[in-house]
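Here is the structure we will look at.
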Amino acid sequence: MISVWRAQFEQYWSEREPRERKTLTIGAAVVVAALFYLTAIDPAYTGRIALEKSIPVQRQQLAEMNALSVQYNQLAPQLSQGIEPVTREMIESALSTRGMKAQTLSVTDDTVKLQIQSAGYGNLMEWVAEMQKSFRLVVEDAKLTAQTEAGQVNASFTMRQIRSGAR
63 MISVWRAQFE QYWSEREPRE RKTLTIGAAV VVAALFYLTA IDPAYTGRIA LEKSIPVQRQ
123 QLAEMNALSV QYNQLAPQLS QGIEPVTREM IESALSTRGM KAQTLSVTDD TVKLQIQSAG
183 YGNLMEWVAE MQKSFRLVVE DAKLTAQTEA GQVNASFTMR QIRSGAR
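Numbering of the sequence shown is given in our numbering, commencing with residue 63 and proceeding in unit increments.
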């Protein structure tokens, strides 16, 4: 097969005049050089330029991450101190300041389980955010059921208090 193509090419080449051969040779060399440039040189060159531009940004991001890591390591022991265990009274007090009352409430160790009937959704979400900030309670499980009255929900929460620096 290759010998057939070679024979056809040699016949085609011999039929060309010297000036036409020179033009075809130069054209083929330009095409090969362009393909080589587009597949090998240009991607490497543009990649290098992009890398040179991104290195200062990445160094800045690394410095920020290191600073935040140092800050976290300094603050982690402080976060785990001074957090008193959550009690039933704390939860009831926080609910009553928002005008809500738990239908059922149990506090065991660092876990709080409660059900609230017919509470305003926005008010409830603000209470959850307050619990996260004040008592470091994280929501492990939440079930919300919409009521027929707009903006009112029944809610059931299981929350856990984070008392150590670990997450």
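Even for Gly, the Cβ is constructed at its ideal location relative to N, Cα and C. Nothing here was measured: the structure is a model prediction, and the numbers come from that model.
CA-CA distance, residue i and residue j?
| i | j | result |
| --- | --- | --- |
| Glu146 | Thr159 | 20 angstroms |
| Arg225 | Glu114 | 45 angstroms |
| Arg222 | Thr210 | 30 angstroms |
| Glu192 | Lys175 | 16 angstroms |
| Thr108 | Ala212 | 58 angstroms |
| Glu79 | Gln73 | 12 angstroms |
| Met37 | Ser196 | The requested residue 37 is not part of the displayed model; the chain covers only 63 to 229. |
| Asp171 | Leu137 | 25 angstroms |
| Ile64 | Leu86 | 21 angstroms |
With DSSP run on the structure shown, which of helix, strand or coil describes residue i?
| i | result |
| --- | --- |
| Val169 | strand |
| Lys175 | strand |
| Gln209 | coil |
| Gly182 | strand |
| Glu146 | coil |
| Met221 | strand |
| Lys163 | coil |
| Ala228 | The pLDDT assigned to Ala228 is 46, lower than 50, so where the model puts this residue is not dependable; a value taken from the coordinates is nonetheless given after this. Reduced to three states, the DSSP call for Ala228 is coil. |
Ends of the beta strand (DSSP E) at residue i?
| i | result |
| --- | --- |
| Thr87 | Counting along the chain, Thr87 falls outside any beta strand (DSSP E), though it belongs to the alpha helix (DSSP H) covering Pro80 to Phe98. |
| Arg68 | Not the beta strand (DSSP E): Arg68 falls in the alpha helix (DSSP H), residues Ile64 to Ser76. |
On the premise that residue j lies in contact with residue i, defined as a C-beta separation below 8 angstroms, what is that separation, rounded to the nearest angstrom?
| i | j | result |
| --- | --- | --- |
| Val148 | Val169 | 6 angstroms |
| Trp189 | Leu167 | With a Cβ gap of about 13 angstroms, Trp189 and Leu167 do not count as contacting. |
| Arg258 | Trp75 | Because the chain in this structure spans residues 63 to 229, residue 258 falls outside the shown range and cannot be described. |
Are three or more beta carbon pairs between the region 109 to 124 and the region 158 to 178 nearer than 8 angstroms?
no
Stretch pair the region 173 to 186 + the region 204 to 217: three plus CB contacts closer than 8 angstroms
yes
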